[in-house]
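What follows is a short report on a single structure.
There are 2 protein chains.
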Amino acid sequence: MANSLDDVIDAALRVLDKRGMEFFSMRRIAAELDVQPSALYHHVDNKQTLLTLMASRIVAPVVIDEDLTTVSHRLRAAMLGIRDGAEVVATATAFKLGSSTLEAEIARFSTPDIARTLLIYIIGHTQATQLHTQASALGLISQDSDLDASFERGLRIILGTTGANPNK
Amino acid sequence: MANSLDDVIDAALRVLDKRGMEFFSMRRIAAELDVQPSALYHHVDNKQTLLTLMASRIVAPVVIDEDLTTVSHRLRAAMLGIRDGAEVVATATAFKLGSSTLEAEIARFSTPDIARTLLIYIIGHTQATQLHTQASALGLISQDSDLDASFERGLRIILGTTGANPNK
DNA sequence: ACCTGAACACCGTTCAAGT
DNA sequence: ACCTGAACACCGTTCAAGT
Numbered sequence: 001m002a003n004s005l006d007d008v009i010d011a012a013l014r015v016l017d018k019r020g021m022e023f024f025s026m027r028r029i030a031a032e033l034d035v036q037p038s039a040l041y042h043h044v045d046n047k048q049t050l051l052t053l054m055a056s057r058i059v060a061p062v063v064i065d066e067d068l069t070t071v072s073h074r075l076r077a078a079m080l081g082i083r084d085g086a087e088v089v090a091t092a093t094a095f096k097l098g099s100s101t102l103e104a105e106i107a108r109f110s111t112p113d114i115a116r117t118l119l120i121y122i123i124g125h126t127q128a129t130q131l132h133t134q135a136s137a138l139g140l141i142s143q144d145s146d147l148d149a150s151f152e153r154g155l156r157i158i159l160g161t162t163g164a165n166p167n168k
Numbered sequence: 001m002a003n004s005l006d007d008v009i010d011a012a013l014r015v016l017d018k019r020g021m022e023f024f025s026m027r028r029i030a031a032e033l034d035v036q037p038s039a040l041y042h043h044v045d046n047k048q049t050l051l052t053l054m055a056s057r058i059v060a061p062v063v064i065d066e067d068l069t070t071v072s073h074r075l076r077a078a079m080l081g082i083r084d085g086a087e088v089v090a091t092a093t094a095f096k097l098g099s100s101t102l103e104a105e106i107a108r109f110s111t112p113d114i115a116r117t118l119l120i121y122i123i124g125h126t127q128a129t130q131l132h133t134q135a136s137a138l139g140l141i142s143q144d145s146d147l148d149a150s151f152e153r154g155l156r157i158i159l160g161t162t163g164a165n166p167n168k
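Read top to bottom, the protein sequences are chains G and B. Numbering of the first sequence is given in UniProt numbering, commencing with residue 1 and proceeding in unit increments. Numbering of the second sequence is given in UniProt numbering, commencing with residue 1 and proceeding in unit increments.
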């Protein structure tokens, strides 16, 4: 009974979360919707476009305000919330330098340079975290339990804040 | 007459530079070597392994010394030197947080946190630059001629250096 | 050690046609 | 507007066999 574009994005995010980027394909999304692969192209121009829509959806719930440390943690959490979420955001959204609304919104509370540097760091570190977590889940590398703390320390290098956090 | 692993890596880098990531395939590398696709698997376990070897090759000539600003520019230049070079390095090398030799070498001249943050930034910004350059070459977005300066300003945010450069 | 030939189980995308 | 069915031009990888 007639899927909408939103149904397609939902199904795509479900496939991603269940199988990961490695097995993320248009054909699996079609199967998830009980539809022929060609049907997807009525809603979306191509796979890349779909990935961009997914990235927007992942990032959309993140509230941007003046507390950039908290904003950074929110963004990280949003991407970590879905398997390979950071990779999707990395390849689709954030790397449209300048034309990203996220970058502009963060710049409102700091400077364009800080916004850009911060965004690159957040996405990059989170992507690394996700890859690392997967690899150690497969027993390929030893666990590095320090990743949350590592993220926080990098944040302080960029934002120039000290250890004392008045909001906590 | 019998290819070596090095021949395979060479051919792979040639294919990447000529066609880009989008058309980078084992089958094209095989064609570049005038060999059957299956022959590649005598030299390399799989495509991912080959990408890791390519990333090492891209980054290998970069000299690491105490002038981290210059080191950063060298790394950026090395990745920009080959089409989609930053993407290959991003997915293959750098994101082995901690287990990257590059990260350890940079840490010798600063701190582990600065090394990690810097590396994430350099690779991320360079990847963004390369995507941006390609997109604007295709007329998809407007030119942003500021990317070199943008890179430099982000560098200063992380390294905490001021405008004055005693080495220049 | 290095490679061929053939096969397997997949891809993204297009397009005419149906409802 | 939304979907089917069939096709096209590809993929990565395995494996027996050749030299």
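Virtual Cβ for every residue (Gly too), placed ideally from N, Cα, C.
What residues in the region 92-120 of chain B have a beta carbon less than 7 angstroms from any beta carbon of chain G? Phe95, Leu97, Gly98, Ser99, Asp113, Ile114, Arg116, Thr117 and Ile120
Let's test the definition: count the other Cβ atoms within 10 Å of the Cβ of G:Glu87 and tell me whether it reaches 16, buried, or not, exposed. Along the first sequence, one-based indexing puts residue 87 of chain G at 87. Buried is the call here.
Can you say whether B:Tyr121 is buried or exposed, counting buried as having 16 or more other CB atoms within 10 angstroms of its CB? The residue labelled residue 121 of chain B in the question sits at position 121 within the second sequence. So B:Tyr121 counts as buried.
DSSP three-state assignment for B:Met79, whether helix, strand or coil: Counted from its first residue, the second sequence places residue 79 of chain B at position 79. For B:Met79, the three-state secondary structure derived from DSSP is helix.
With a threshold of 16 other CB atoms inside 10 Å of the CB of B:Glu103, please say whether the residue is buried or exposed. Position 103 of the second sequence, counting from 1, holds the residue named residue 103 of chain B. Taking every protein chain shown into account, the CB of B:Glu103 has 16 or more other CB atoms within 10 angstroms, so this residue is buried.
State the Cα-Cα distance for the pair B:Val35 and B:Arg153, rounded to the nearest angstrom. In the second sequence, the residue the question calls residue 35 of chain B occupies position 35. In the second sequence, the residue the question calls residue 153 of chain B occupies position 153. In a straight line, the C-alpha of B:Val35 is about 47 angstroms away from that of B:Arg153.
I'd like to know if B:Ile9 contacts chain G, where contact means its C-beta is closer than 9 angstroms to some C-beta of that chain. Sequence index remark: in the second sequence, residue 9 of chain B carries index 9 (1-based). So no, B:Ile9 is outside the interface.
Which residue from G:Ser150, G:Leu147, G:Leu118 and G:Tyr41 puts its Cα closest to that of G:Ile158? If you number the first sequence from 1, residue 158 of chain G lands on position 158. It is G:Leu118.
Would the beta-carbon of B:Arg14 fall within 9 angstroms of that of B:Glu32? As a first step, residue 14 of chain B is located in the second sequence; it is residue number 14 there, counting from the start. As a first step, residue 32 of chain B is located in the second sequence; it is residue number 32 there, counting from the start. Yes. Within cutoff.
For my contact list, G:Arg76 and G:Thr126 are in at a C-beta cut-off of 8 angstroms; report their separation, rounded to the angstrom. Position 76 of the first sequence, counting from 1, holds the residue named residue 76 of chain G. Position 126 of the first sequence, counting from 1, holds the residue named residue 126 of chain G. Rounded, the Cβ-Cβ distance is 5 angstroms, consistent with contact.
Between the beta-carbon of B:Leu16 and the beta-carbon of B:Gly85, is there less than 9 angstroms? Residue numbering aside, residue 16 of chain B sits at position 16 when the second sequence is read from its first letter. Residue numbering aside, residue 85 of chain B sits at position 85 when the second sequence is read from its first letter. In this structure, B:Leu16 lies near B:Gly85, with their beta-carbon atoms less than 9 angstroms apart.
My parser needs the alpha helix (DSSP H) runs of 4 or more residues fully inside the region 19-51 of chain G; what are they? 26-32
Using a Cβ-Cβ cut-off of less than 7 angstroms, give me the residues of the region 150-164 of chain G that come near chain B, in sequence order. Ser150, Arg153, Gly154, Ile157 and Ile158
Spatially closest choice to B:Ala60 from B:Asn46, B:Met1 and B:Gly81, by CA coordinates: The sequence position of residue 60 of chain B within the second sequence is 60, counting from 1. Per the Cα distances, B:Gly81.
Use the C-beta contact count for G:Gln130: other C-beta atoms within 10 angstroms, 16 or more gives buried, fewer gives exposed. As a working note, residue 130 of chain G is residue 130 in the first sequence. Classification of G:Gln130: buried, given that the 10 Å Cβ count is 16 or more.
Extract the residue ranges of the beta strand (DSSP E) inside the region 93-163 of chain G, only unbroken runs of 3 or more that lie entirely within it. Residue ranges of uninterrupted beta strand (DSSP E) with 3 or more members are absent from the region 93-163 of chain G; none lies entirely inside it.
Report the three-state DSSP secondary structure of B:Val89 (helix, strand or coil). On the second sequence, residue 89 of chain B is found 89 positions in, with the first residue counted as 1. Helix at B:Val89.
Give me the Cα-Cα distance between G:Asn46 and B:Leu155, rounded to the nearest whole angstrom. As a first step, residue 46 of chain G must be located in the first sequence, where it is residue number 46. As a first step, residue 155 of chain B must be located in the second sequence, where it is residue number 155. Cα to Cα, G:Asn46 sits roughly 36 angstroms from B:Leu155.
So which residues of chain B does G:Asp144 contact, with C-beta pairs closer than 8 angstroms? The residue given as residue 144 of chain G occupies position 144 in the first sequence. Simply Leu97 and Gly98.
Interface residues of chain G facing B:Ile141 [CB-CB closer than 7 angstroms]: As a working mapping, residue 141 of chain B is identified with position 141 in the second sequence. Ser99, listed in chain order.
With 16 as the cutoff for other CB atoms within 10 Å, does G:Thr161 come out buried or exposed? In the first sequence, counting from the first residue as 1, residue 161 of chain G sits at position 161. The residue is exposed, with fewer than 16 neighbouring Cβ atoms inside 10 Å.
Using CA coordinates, which residue listed in G:Ala11, G:Asn3, G:Gln48 and G:Ser72 is at the minimum distance from G:Phe151? Along the first sequence, one-based indexing puts residue 151 of chain G at 151. Looking at the Cα atoms, G:Ser72 is the closest of the given residues.
Taking just the CA atoms, how far does B:Val63 sit from B:Val8? Residue mapping note: residue 8 of chain B aligns to position 8 of the second sequence, counting from 1. Residue mapping note: residue 63 of chain B aligns to position 63 of the second sequence, counting from 1. Approximately 25 angstroms between the Cα atoms of the pair.
B:Asp67 versus G:Asp148: straight-line alpha-carbon distance, rounded: For the purposes of this step, residue 67 of chain B is taken as the residue at position 67 of the second sequence. For the purposes of this step, residue 148 of chain G is taken as the residue at position 148 of the first sequence. Each residue's alpha carbon lies about 29 angstroms from the other.
Proximity winner among B:Ala135, B:Asp144, B:Ala30 and B:Thr69, relative to B:Ile106 (alpha-carbon distances): The sequence position of residue 106 of chain B within the second sequence is 106, counting from 1. Answer by Cα proximity: B:Thr69.
Note down, in chain order, every chain B residue with its Cβ under 7 angstroms from the Cβ of G:His132. Your numbering for residue 132 of chain G matches position 132 in the first sequence. The answer, in chain order, is Leu97.
Under the assumption that G:Leu40 contacts G:Met26 (Cβ atoms under 8 angstroms), give the Cβ distance between them as a whole number of angstroms. By 1-based counting over the first sequence, the position of residue 40 of chain G is 40. By 1-based counting over the first sequence, the position of residue 26 of chain G is 26. Going by Cβ atoms, the distance from G:Leu40 to G:Met26 rounds to 6 angstroms, so yes, they are a contact pair.
Any beta carbon from chain G within less than 9 angstroms of residue 188 of chain B's own beta carbon? Since the first residue shown for chain B is 1 and the last is 168, residue 188 of chain B is missing from the structure and cannot be characterised.
From the DSSP output, in three-state form, read off G:Ile9 for me. Numbered from its first residue, the first sequence carries residue 9 of chain G at position 9. Helix.
For G:Phe24, which residues in the same chain have their Cβ closer than 7 angstroms to its Cβ, ignoring the five residues on either side in sequence? Within the first sequence, residue 24 of chain G is the residue found at index 24, counting from 1. Only Val15 and Leu16 meet the Cβ criterion.
Under 6 angstroms Cβ to Cβ from G:Arg28, same chain only, skipping five residues before and after it: list those, please. One-based indexing of the first sequence puts residue 28 of chain G at position 28. Counting only Cβ-Cβ distances below 6 angstroms, and skipping sequence neighbours, we find Val15.
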